[in-house]
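K.L.:
In this text, residue positions in the sequence shown follow the numbering used here: the first is 431, and each later residue adds one. Yeah, the Cβ is synthetic: ideal placement off N, Cα and C, and Gly gets one too. All of these numbers come straight from a predicted model, not from anything done at the bench.
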Amino acid sequence: MHELAVTESILEIATTHASQAQATRVTDIYLVIGKLSSIIDDSIQFYWDMISQGTLCEGATLHFERIPARLSCQDCGSEYTLDRELEPCPQCSSSRVRVLTGEEFHLDSIEIIKD
Ligand SMILES: [Zn+2]
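1) Once you ignore the five residues that flank residue 522 on each side, which residues in its own chain have a CB closer than 7 Å to its CB?
2) Suppose you measure from the CA of residue 519 to the CA of residue 456; what does that come to, to the nearest Å?
3) Who's in the neighbourhood of ligand 3, going by beta-carbon under 5 Å from any heavy atom, listed in chain order?
4) Which value, in whole angstroms, describes the spacing of the CA atoms of residue 501 and residue 525?
5) Decide if residue 437 is buried, meaning its Cβ has at least 16 other Cβ atoms within 10 Å, or exposed.
6) Check whether the stretch 485-501 and the stretch 527-540 are in contact - that is, three or more C-beta pairs closer than 8 Å.
7) My understanding is that residue 458 touches residue 541, with C-beta atoms under 8 Å, so please give their C-beta distance in whole angstroms.
8) How would you label residue 516, buried or exposed, when you count the other beta carbons within 10 angstroms and need 16 or more for buried?
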């Protein structure tokens, strides 16, 4: 899994923003993960607790928001939202579908404390 690399980049972005804002501490980190992303929340949390030690982000709470996936059928052109795993087109049962959103992963916002 690539969770460690992902977590390192979250930490880097959060730390950069926090020091630019002259924060003394980061309290909360809001992450957005697409439903189809292979990222596992628990792994991120695990690495986070490990690598954030001694940084401005130490002790910050991670919040994960899973956003639904949108797919588009290549055969009939209909678009639909996925609740769980990949499913064929509900209109025509085609499996020639394209993922519009749902694989993304990004840092949405952070909350900081200043003295
Ligand atoms: Zn279709």
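P.N.:
Based on what the coordinates show:
1) Counting from one through the sequence shown, the residue named residue 522 turns up at place 92. Closer than 7 Å at the Cβ level, and outside the excluded window around residue 522, lie 503, 505 and 506.
2) For the purposes of this step, residue 519 is taken as residue 89 along the sequence shown, with counting starting at 1. For the purposes of this step, residue 456 is taken as residue 26 along the sequence shown, with counting starting at 1. Looking at the two C-alpha atoms, the distance is approximately 43 Å.
3) Because ligand 3 does not appear in the structure shown, any question about it cannot be addressed here, the ligands present being ligand 1.
4) Here the question's residue 501 lines up with position 71 in the sequence shown. Here the question's residue 525 lines up with position 95 in the sequence shown. If I take the Cα positions, the gap works out to 11 Å.
5) What you label residue 437 is simply residue 7 of the sequence shown in a count that begins at 1. With 16 or more other Cβ atoms within 10 Å, it is buried.
6) yes
7) Taking the sequence shown and counting its residues from 1, the one referred to as residue 458 is at position 28. Taking the sequence shown and counting its residues from 1, the one referred to as residue 541 is at position 111. The pair is a contact, with the Cβ atoms about 4 Å apart (cut-off 8 Å).
8) Within the sequence shown, residue 516 is the residue found at index 86, counting from 1. Answer is exposed; the Cβ neighbour count stays below 16.
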